[in-house]
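See below for the structure under consideration.
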Amino acid sequence: RQNRYVLGPALIEYGFLALNQNPVPVVARPVLEALVSKYQDTVHLGILDNDQILYLDKAAGSRGLVARSRVGHRMPVTRTGIGKALILESPELWEPLFRRDHPDEDVTPAQVSSFLRRMEAYREVGATMDLEENERGIRCVAAPIRNGSGRIVAAISLSAARPYIPPARMQALTPVMKEAADTISRKLGHDRL
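Going left to right, the sequence shown walks through residues 461 to 653 as the numbering used here numbers them.
Encoded structure:
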């Protein structure tokens, strides 16, 4: 017989208390809802936690997109738009995390070089993309959120199924997501935008 453990009510309560001590989800929620209302696509909020993405919030779109993400779920950093946005200004992490996020694959120097070039381009723009790297058929555009000291503390993304987010729309959504992230950043005290 295999032992099985479940979280008790007290542990779940502590988890929610810890989550509620982070001001980012509270400040970001109206922005997530506004994006979903205007664009009808799913919007995520995430942070970097132990070299993984931790989703803090998700506002589901109205297009019936069923992405495997959920609040409290973790994802690989370099396969997600949010993850790339969170490490946008940490180039020393790019290659190690890319290699770590692809453990079962023989990563070639060309693949690493391609990823590093994309990250440099994203850093220039100030926003990132997930081109179906995390989940087949799902693309997203993401941007970093900064705190009062200017440090990236979270990221926001808009995700849609491939037919709803062709390359031209991804480009058009880039300034939208940057502005949404900047709005949240200003509410967190960042004023150097």
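We put the CB at the ideal spot given by N, CA and C, even for glycine.
Check: Distance, P556 Cα to R646 Cα; Outcome: 31 angstroms
Check: Local Cβ density within 10 Å of L618, reported as buried at 16 or more and exposed below that; Outcome: buried
Check: Whole-angstrom distance between W554 and A545, CA atom to CA atom; Outcome: 11 angstroms
Check: Residue-level contact to chain C via CB, D642, 8 angstroms cutoff; Outcome: No chain C appears in this structure, which consists of one protein chain only.
Check: For T568 and L633, the rounded distance between their alpha carbons; Outcome: 31 angstroms
Check: The region 495-507 contacting the region 605-618, beta-carbon criterion three pairs below 8 angstroms; Outcome: yes
Check: DSSP-derived helix/strand/coil call for A587; Outcome: coil
Check: Exposure label - V486; buried when at least 16 CB within 10 Å; Outcome: exposed
Check: Which of helix, strand or coil DSSP assigns to S529; Outcome: coil
Check: With 16 other Cβ atoms within 10 Å as the buried cut-off, status of G597; Outcome: exposed
Check: With 16 other Cβ atoms within 10 Å as the buried cut-off, status of H650; Outcome: buried
Check: Residue span of the alpha helix (DSSP H) that contains D517, given as start and end; Outcome: Counting along the chain, D517 falls outside any alpha helix (DSSP H), though it belongs to the beta strand (DSSP E) covering 512-519.
Check: CA-to-CA distance, Q500 to V613, given in whole angstroms; Outcome: 26 angstroms
Check: From P536, R539, P635, I625, residue whose alpha carbon lies closest to that of V585; Outcome: P635
Check: Where L591 falls, given that 16 or more other Cβ within 10 Å makes a residue buried; Outcome: exposed
Check: Residues of its chain near L479, where Cβ-Cβ distance is below 6 angstroms and the 5 sequence neighbours each way are ignored; Outcome: Summary for L479: the model assigns pLDDT 47, below 50, so the residue's position carries little reliability; its value from the coordinates is reported in the next sentence. Answer for L479: no residue qualifies.
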